[in-house]
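Inspection log for the structure reproduced underneath, given as structure tokens.
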Amino acid sequence: MPSPSPRATPDNHNPPTSNLDLKSKKRNTPYLPTPTELALLAVYPSLLLFGALFSLLSPETRSAPYDAARHAHSQDPSLSPSYFARKDNLFNVLFVKRGWAWITGAFFVFLFTHPTYGTFDRKAKATVRWAVVTSWWVFVTQWFFGPAIIDRGFRWTGGKCEVAEQKFVEGAADTGDVFTAAACKASGGRWSGGHDISGHVFLLVLGSYFLVQEVGWVVVAATRRRSSSKLVLKEERSVVMHDGAVKGAGVERNRSEVEEVVEVDDALGYGGKVAAAVVALSAWMLLMTAIYFHTWFEKLTGLLVALAGLYVTYVLPRWFQLRFSPALANKPNKKSNSPPPPGGKPKAFFDPFENPRQELLVFSSSRSSHRLVLNKFAIVPEHFILATSAFKEQTHLLEAEDLAATYACIDAYYKFADERKEYGELFAFFNSGEHSGASQPHRHVQLLPVGRMREGLSGETTEWGVLADRLLVDEDVVGRKLPFKTFTEKIWDGMSGEELRKVYLDLYKRATRAVKAGFLGREGAEEVKVEERAEISYNLAMTRDVMVVMPRLAEGAEIIAPGSGGGDDGGEKVVGKLALNGTVLAGTALVKSQEEWDVLRANPETVVDLLGKVGVPTDEGEDDRRRWSKV
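Anchor point for the sequence shown: position 481 equals 481 in UniProt numbering, and the numbering is continuous, going up by one each time.
Have a look at this one:
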């Protein structure tokens, strides 16, 4: 939701507040290669251009006899302008002629020796990319439901197989009907008359850039993680989400697959160095091809055909990222993982925080009261969880050590972000009670990077800021315009766990009184007792500067599409349910399906009505409520 009021600057006497003015950065288009990719791709036409100029300016090359039918200079060692101009040179025979075997070998050495590809899922995805590129190589050079594309192209442009130093016997097959270069050569003829796409250029460009893509982004990721590096390469790729939003490719990254390499040399590893050697040799042989073989147009078409396959493999998939709210639709609901009865855990209860999967575990210690775990059902990349090491109930009131640990995470991330500006800050939230959106009974606080939540926003929403922080700036103005009641207090760095809990309990009591009384300030509201188990459902939000509690009366409400059902009720149709948790205090509502998204976008007032049903209603005017209907 956008801000209903301008940003304000906090009083200088208060502890420093977080920066709310982080702007979303302009993204690279997902329909074209990134600037870094374009710079790397530019190497190929540059090599071809340099080779063409060299062949024109070099006296030895210019004066050497050239056989247009063989697309090469004279193969006589005494007449050839260079060892590399001869087709029997060892680099051509042992490397280029077996080029795809070298490319494939280097790729699989990297795939099976590098820690980044330690999981089956990553190996499978990389193997699929190899299969796509390999299929393109087969189609172009070996077979395409008959003759390869290169051979078909030659025939389509008027080429044929002519007999060289062979006489026809009457009744013999016309070698002009031979459909492939290999068959033509086997019959004693040679290709002539058509356009012959340079297979060498095609192979060397396709194979080398394939390795650059597979190895290069691993090196970029390692460089990005080096906090001591002055030059930090950022994720440049963008993807198109199901709703049309353009987001950084990191939103699709599986954060459970965290690489363990931190230096560029480590990032390359043995396999990466093998791949780099193959790429370097490919570049050299591409230059030799540019100087000594084929016409400039044949080399250009070889380049373009290779780029077409690379575009389909590496750029086209960025158009179709179909994840809407990542993994939410597969997240277990609370009914399938019911809270344990008072006094212990049920035998059938599965606790994901008791023994987390190693690929999700960020931090755990026998001496620590809490552990950090990556969220398997992440809302945004780097969504993680602070869970108690020992089982404690989600419906019990938070303890001082819970709040202290939460603030320690927020503060540590803030100080790291102060050095790395693109990371922003953390938004922490806690769901407690059956109406809060909680799905796990093991006590846990969830933490979201604010910068990640901002990714993909456009238009008015680029001014989006965390709702909890906006309440701190002006609770009277912002709070009155909300369709639900919230209770806010300022917090700051240096507060102890007990001091944080005192603030928390005060907010909890005010929220409980609001639930019991029906609205805040009603006379006769009973005093709230602080017991182990919370009396109400509520959401808690924390940032570095503020703590907010929102009392809950319902988890969500049905999303109704008007005029689509055709029934007696005016054609209304229930398309789903909007279930809200603590992210509502960030100013965010999450949906699980495209249909729900479409209905809410088309009927923004529905969002306000739904929000008014989940919490204690406020008594603001209808005009104020409409200000929150822009999404």
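Beta carbons: idealized from backbone N, C-alpha and C, even for Gly.
Of the other Cβ atoms in all chains shown, fewer than 16 fall within 10 Å of the Cβ of P77; this residue is therefore exposed. Linking S366 to F391 through their CA atoms gives a straight-line distance of about 14 Å. Between the alpha carbons of S436 and L398 lies a gap of roughly 15 Å.
Inter-residue distance for Q358 and E532 is about 32 Å (C-alpha atoms, whole angstroms). In the three-state reduction of the DSSP assignment, Y31 falls in the coil class, being assigned neither a helical nor a strand state. Burial is judged here by how many other beta carbons sit within 10 angstroms of a residue's own beta carbon; K485 has at least 16 and is buried. With respect to I410, L426 sits close: the two C-beta atoms are nearer than 7 Å. In this chain, the beta strand (DSSP E) harbouring V575 covers K573 to A579. It is roughly 21 Å from the alpha-carbon of E298 to the alpha-carbon of S82. Within the same chain, F427, V450, T543, A586 and G587 come within 7 Å of V466 by CB-CB distance, once the 5 residues on both sides are set aside. Going by DSSP, E489 is part of the beta strand (DSSP E) stretching over F487 to K490. Beta-bridge annotation (DSSP): A589 is not paired with any residue. Between the alpha carbons of A290 and T116 lies a distance of about 36 Å.
Contact annotation: G194 and G159 have beta-carbon atoms nearer than 7 Å. One Cα belongs to F202, the other to A106, and the distance between them is close to 18 Å. Proximity to F293 across E434, F350 and R62 peaks at R62, based on C-alpha coordinates. Under DSSP, Q446 takes part in a beta bridge, and its partners are I385 and F429. Here the segment 280 to 290 does not lie against the segment 115 to 133, with fewer than 3 beta-carbon pairs under 8 Å apart.
Taking 7 Å as the cut-off, the beta carbon of R501 is found closer than this to the beta carbon of A400.
For S537, the three-state secondary structure derived from DSSP is strand.
Ranked by Cα distance from L79, the first of E214, A277 and P65 is P65.
In this structure Y44 touches V205 by the C-beta definition: roughly 5 Å separates them, less than 8 Å.
By the Cβ test, the segment 297 to 314 is not in contact with the segment 89 to 108, since fewer than three Cβ pairs between them sit closer than 8 Å. The three-state secondary structure of A72, taken from DSSP, is strand. Residue environment for Y414: buried (at least 16 other C-beta atoms within 10 angstroms of its C-beta). The continuous stretches of alpha helix (DSSP H) do not include P551, which lies in the beta strand (DSSP E) extending over residues V546 to R552. By the neighbour-count criterion, in which a residue is buried when 16 or more other Cβ atoms sit within 10 angstroms of its Cβ, S198 is buried. Cβ atoms of S432 and A534 come within 8 Å of each other, at about 5 Å.
Taking the Cα positions, A541 is about 51 Å away from T104. Secondary-structure assignment with DSSP links E354 through no beta bridge to anything.
For E596, the three-state secondary structure derived from DSSP is helix.
Looking only at L610, V607 and Y504, the smallest Cα-Cα distance to E489 is reached by Y504. Closest in alpha carbon position to V362, among E595, I149 and K376, is K376. Beta-bridge partners of I559 (DSSP): G576.
DSSP, reduced to helix, strand and coil, places E214 within a helical segment of the structure shown. Here DSSP, grouped into helix, strand and coil, assigns P45 to helix.
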